[in-house]
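Protein chains: 2
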Amino acid sequence: MHGILLFAHGARDPAWARPFESIADAMRSAAPEQPVALAYLELMQPDIGSAAADLMAAGCDSITVVPLFLGAGGHVRRDLPQRLDELVRQYPGVRFDATPAIGETPQIVHAIATAALQLVNAP
Amino acid sequence: MHGILLFAHGARDPAWARPFESIADAMRSAAPEQPVALAYLELMQPDIGSAAADLMAAGCDSITVVPLFLGAGGHVRRDLPQRLDELVRQYPGVRFDATPAIGETPQIVHAIATAALQLVNAP
């Protein structure tokens, strides 16, 4: 089974996590057969290792990490690959890969541009 | 004239800024009559004060800040209001306001959930 691990930054304020939890919920509603876990780089739990373990416990032998970052800086280009390398070493029977940062996909650039104009110019 | 000030976090890696520049470009294409500036909280230039001055120099007497953050933590709830207060004091003839963080809008939650499933399950 192929699981999805959403990887977000984390913050001190618990309210920060709400959109990320909503994204995970929307994905579970749209694809109920596909396990979706949410993990944080720092300041929030679970971390990526715990979330990966949850997906494996749910039967996943393949896990794709989706970085929920708008821009791809050190967290996506350096921290995430380090953590993925650790997981690959720890769980040789599971296939891990990662997509680009979600903000780098053209449809998200377009969606944000559209939503920003709507927010600003709403009556 | 009503200007839009996109407010992003900033990062050490210049490549981090690409999606934000693409968002600003997409908005300028969609609404060529509306000035759009992009500013960063830290690590990148311009800062919010310089970007606001650019919008005013372009004739804006009203500026709406759109926080390009997925979650609203301390940067959106504390740092941004402090900077807006400074701008309001510095430029009493200009109206400033701010929208919620872009990631908190339902259409962006939906767009990210859809894009994430497409990225993971693309052939």
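Going down the list, the sequences are from chains D and C.
The letter at position 81 of the first sequence is residue 82 when you use this note's numbering, and the numbering goes up by one with no holes.
The letter at position 31 of the second sequence is residue 32 when you use this note's numbering, and the numbering goes up by one with no holes.
Don't be surprised by glycine CBs; every beta carbon is placed ideally from N, CA and C.
Legend: CB atoms of the region 46-60 of chain C lying less than 7 angstroms from CB atoms of chain D are not found in any residue. Within chain C, the residues whose beta carbon sits less than 8 angstroms from that of E105(D) are R19, P20, listed in sequence order. Taken in chain order, the members of the region 91-103 of chain D whose beta-carbon sits within less than 7 angstroms of a beta-carbon on chain C are T100, I103. DSSP lists H3(C), R96(C) as the beta-bridge partner residues of S63(C). The three-state reading of DSSP puts A38(D) in strand, counting E and B together. E105(D) sits buried, since 16 or more C-beta atoms from the chains shown fall within 10 Å of its C-beta. Note: A9(C) is bridge-paired with Y41(C) in the DSSP secondary-structure output. From the listed residues A32(C), I103(C), A59(C), D80(C), the smallest Cα separation to D48(C) is found for D80(C).
In the DSSP assignment, H111(D) falls within the unbroken alpha helix (DSSP H) covering 107-122. Not one beta carbon of chain C lies nearer than 9 angstroms to the beta carbon of A38(D).
According to the DSSP assignment, V89(C) belongs to the alpha helix (DSSP H) that extends over 81-91.
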